[in-house]
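Peer 1: I have a structure here, written as structure tokens, and I will follow up with some questions on it.
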Amino acid sequence: MKTIKTRLPALLLSLSLLAGCAGSSSKSQTEGSQSQEIPTSGVQSTQEEKGGVELNIMTTVGPSVVAAIAKNAQLYEEQTGNRVTISEIPQEDMFSKLAQAAATKSTDFDMFLAPSSWKASLSELGYVQVLDDYIERDKDDPDFDWNDVPHGMKIRNMWNGENYCITVDGDVLIMIYRRDVFEDEQWKQAFRQETDKELRVPQTMDELIEVCQFFKGKDWAGDGKPEEHFPFLTAVTKGGHSNYYANAFFADYAVCPTDADHPQGAMYFDTDMNVIINNPGYVKGLETMKYMVDNFMKPGLDTARGDVISQIVNGTSLISFDWDDTATSAYEEGSVVEGKLGYALVPGVQEWYDWKSGEWKKSDEIKFTPYQAYGGWALYITTTSEHKDEAWGFIKLIAGKKESSLDIYNPLSYFTPWRNSHAEDISRCSEFGWDPDDAQRRVDVNIQAQNHPNAVPELSLPGVERIQEIVDLRASEALSGQSTVQQALDLAAQDIQSVVDEYGRDNMMASYKAFLGIS
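First residue of the sequence shown? That's 920 in the numbering used here, and the numbers climb one at a time after it.
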């Protein structure tokens, strides 16, 4: 396999800079399972020979996200006699801590939980273990069952043709909407009378705009205060995830359907590493997002990621694009939308810009392009660990069918559905009080997005954190009116090009092609 070389000083600088980005980009804000046997010979033999070992795991600060790790750590200890020590590190410090550990070849950590999009930088530092042999050995294990994992999830684990992590969180942006409102006969009739069309969950961006225009200023919340409720919701502030939400619009208008000429995941760059974020497709995407913000959102331009959850849960907003953490938050105390939400793919388009031909393409079919924002939380094993087999045993437990089918309903885990079997068996949803029909709808949409042939994986490159910071900054400037959309994206293109120049075009192109899986 080709080795991709990166200048280490620049990479270490990039890793330290990620601390700020990771802090702002984190998605993070148990009981009830039975123990299971882990069929891992490494765990059993070590227990017999040494009386148990200690696994040290780094995670972000809890309780969000850490809840699932802690629950499974307790199960693992009960089943193996090994011990698990969890080190909670502030998200803004995690990457620099890992970079330091890699540089010093520290044995402090056997494994860690981090975004799957970090695999490129960490693998090039030689700090994360290739997991191919473990996966091949256990792919047919009934609980681990690698065939149960969607393709869209598998590619998140891979870098340069090898698996460096196991992603246990199906992060993808979906559309979340008030199902009770869309199913209300009163609103169906009113929409029919006003538009001469049937009200349906928006399938295209044009339909989304039409539906939001219809509900604007109307008392769809039923509290007599229509001025306090709004049709749409997204994040717009710098450092508030505007880059991830903008990418959902970019994916529609600027990412082509996957085929031989358009590899899956090509975003921001063409296949020759030319920056294309200011082409007409990206301009149309950000213009559409700005139109939605200007016309259908709560005034103020101060909405960050947490607001995208809370304003759906408290009944302020009708529709959002978001990770499905909103779905689990709907079951928390204070929610007014428990059992009232619906879930769908982010609306698609029937016209998009082909970056290869330089032309707009049209289709009678709707092009959906689900964006796998953030990449999902993933488990890594360090190359310096002296207990790799035991660490793999823990990964098998948390990634297995049985425990993952519970963790996706835990409102503190922030793990979203990711296995095909999560849609086939929702029986454990009741352990966290979920309505089964609601659980099924939520899981089905997530798995549909994971399996979609046009799904866009989160970009994984050395320096990607700086690229996302650039997009966050320039998108927020356009959304706030500080610059035009074209001006903002022209500046983004210049800034991203400077990152490519710093790392070296040849090195970046090799990394990008490894990410795309092309030669």
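Yeah, the Cβ is synthetic: ideal placement off N, Cα and C, and Gly gets one too.
Which residue marks the beginning of the beta strand (DSSP E) containing V1003, and which one marks its end?
Peer 2: Element bounds for V1003: 1002–1008.
Peer 1: Is D1283 helix, strand or coil when you go by DSSP?
Peer 2: Reduced to three states, the DSSP call for D1283 is strand.
Peer 1: Between A1263, K1203, Q1105, V1174, which has its C-alpha nearest T1190's C-alpha?
Peer 2: If we check each option's Cα against that of T1190, V1174 comes out closest.
Peer 1: Here's the rule I'm using: 16 or more other beta-carbon atoms within 10 Å means buried, otherwise exposed. How should V962 be labelled?
Peer 2: Note that V962 scores a pLDDT of 33, beneath 50, so its modelled location is shaky and nothing firm can be said.
Peer 1: Are there any heavy atoms of the ligand SAM lying less than 7 angstroms away from the beta-carbon of Y1083, as far as the coordinates show?
Peer 2: For the structure depicted, the ligand SAM is absent and the ligand set is empty, with no information on it obtainable.
Peer 1: With 16 as the cutoff for other CB atoms within 10 Å, does E1322 come out buried or exposed?
Peer 2: Counting Cβ neighbours within 10 Å, E1322 comes out buried, since at least 16 surround it.
Peer 1: Looking at the unbroken alpha helix (DSSP H) that takes in P1061, where does it start and where does it end?
Peer 2: It is not in any alpha helix (DSSP H) - P1061 carries neither H nor E in the DSSP assignment.
Peer 1: Along the chain, where does the alpha helix (DSSP H) containing Y1163 start, and where does it finish?
Peer 2: Note, Y1163: alpha helix (DSSP H), 1161–1173.
Peer 1: With DSSP as the reference, please indicate the residues paired to G1267 in a beta bridge.
Peer 2: Looking at the DSSP assignment, G1267 forms a beta bridge with T1123.
Peer 1: Taking 8 angstroms as the cut-off, decide whether the C-beta atoms of S1379 and G1294 are in contact.
Peer 2: Yes, these two residues count as a Cβ contact at 8 angstroms.
Peer 1: Mapping DSSP to helix, strand and coil, what is D1273?
Peer 2: Looking at D1273 - three-state DSSP - the assignment turns out to be strand.
Peer 1: D1241 bridges to which residues according to DSSP?
Peer 2: Its beta-bridge partners are I1093.
Peer 1: Across the stretch 1336–1351 and the stretch 1157–1165, are there enough close Cβ pairs to call them in contact, namely three or more that are closer than 8 angstroms?
Peer 2: Result no; under three Cβ-Cβ pairs closer than 8 angstroms.
Peer 1: If I'm right that P1381 touches E1081 with Cβ under 8 angstroms, what's the distance once you round it to whole angstroms?
Peer 2: In fact, because the Cβ distance is near 16 angstroms, the residues do not count as touching under 8 angstroms.
Peer 1: Which same chain residues end up closer than 7 angstroms to I1314 when comparing Cβ atoms and leaving out the 5 residues on each side of it in sequence?
Peer 2: Here the set comprises I1085, L1298.
Peer 1: Hey, which unbroken runs of the alpha helix (DSSP H) at 4 residues or more fall wholly within the stretch 1319–1343?
Peer 2: Taking only runs of at least 4 residues, the alpha helix (DSSP H) segments lying wholly in the stretch 1319–1343 are 1320–1326, 1339–1343.
Peer 1: Over what stretch of residues does the alpha helix (DSSP H) that includes T1222 continue unbroken?
Peer 2: Element bounds for T1222: n/a, residue is neither H nor E.
Peer 1: Please report the distance separating the alpha-carbon of E997 from that of K990.
Peer 2: Their backbone Cα atoms lie some 11 angstroms apart in a straight line.
Peer 1: Can you tell me where the beta strand (DSSP E) holding L994 begins and where it ends?
Peer 2: Run containing L994: none in the beta strand (DSSP E); it sits in the alpha helix (DSSP H), 985–999.
Peer 1: Pull up the distance between the alpha-carbon of F1240 and that of P1009, whole angstroms please.
Peer 2: Straight-line Cα distance between these residues: approximately 27 angstroms.
Peer 1: Whole angstroms are fine: how far does the CA of P1218 sit from the CA of A1140?
Peer 2: If you take the alpha carbons of A1140 and P1218, they lie about 18 angstroms apart.
Peer 1: Could you say which of A1223, L1041, N1076 lies nearest to D1391 if we only look at CA atoms?
Peer 2: D1391 has its Cα closest to that of A1223, out of A1223, L1041, N1076.
Peer 1: Could you name the residues of the same chain whose beta carbon sits closer than 8 angstroms to that of T1004, not counting the 5 residues immediately before and after it, in chain order?
Peer 2: For T1004, where only same-chain residues beyond five positions count, the Cβ hits under 8 angstroms are E973, L974, N975, I976.
Peer 1: Counting along the chain, where does the alpha helix (DSSP H) carrying N975 start and finish?
Peer 2: N975 -> not in any alpha helix (DSSP H); beta strand (DSSP E) instead, spanning 973–979.
Peer 1: What number of angstroms, rounded off, separates the C-alpha of F1028 from the C-alpha of D1060?
Peer 2: Their Cα atoms are separated by approximately 27 angstroms.
Peer 1: So who's on the other strand from A1033, going by DSSP bridges?
Peer 2: A1297, per the DSSP bridge assignment.
Peer 1: By alpha-carbon positions, which one of L1127, E1270, I1415, V1202 ends up nearest to L1398?
Peer 2: It is V1202 whose Cα lies nearest to the Cα of L1398.
Peer 1: For T978, which option in A987, S1006, A992 has the closest C-alpha, if you only look at C-alpha atoms?
Peer 2: Of the listed residues, the one whose Cα sits closest to T978 is S1006.
Peer 1: DSSP state of Y1210, grouped into three classes?
Peer 2: Three-state DSSP puts Y1210 in a helix.
Peer 1: Residues bridged to D1178 by DSSP?
Peer 2: D1178 is bridged to H1181.
Peer 1: Under 6 angstroms Cβ to Cβ from K1137, same chain only, skipping five residues before and after it: list those, please.
Peer 2: So the qualifying residues of the chain are P1145.
Peer 1: Hey, could you find the ends of the beta strand (DSSP E) F1434 is sitting in?
Peer 2: Not the beta strand (DSSP E): F1434 falls in the alpha helix (DSSP H), residues 1424–1435.
Peer 1: Would a C-beta distance cut-off of 8 angstroms place L1264 and I1095 closer than the cut-off?
Peer 2: No, the Cβ-Cβ distance between L1264 and I1095 is not below 8 angstroms.
Peer 1: If I follow the unbroken beta strand (DSSP E) through P1150, where does it start and stop?
Peer 2: Its beta strand (DSSP E) spans residues 1149–1152.
Peer 1: Return the Cβ separation of F1149 and M1211 in integer angstroms, given the expectation that the two are a contact with Cβ distance under 8 angstroms.
Peer 2: Not confirmed; about 11 angstroms, so no contact.
Peer 1: Quick one: what's got a C-beta closer than 6 angstroms to Q1359's C-beta in the same chain, skipping five residues either side?
Peer 2: Cβ within range, chain order: I1345.
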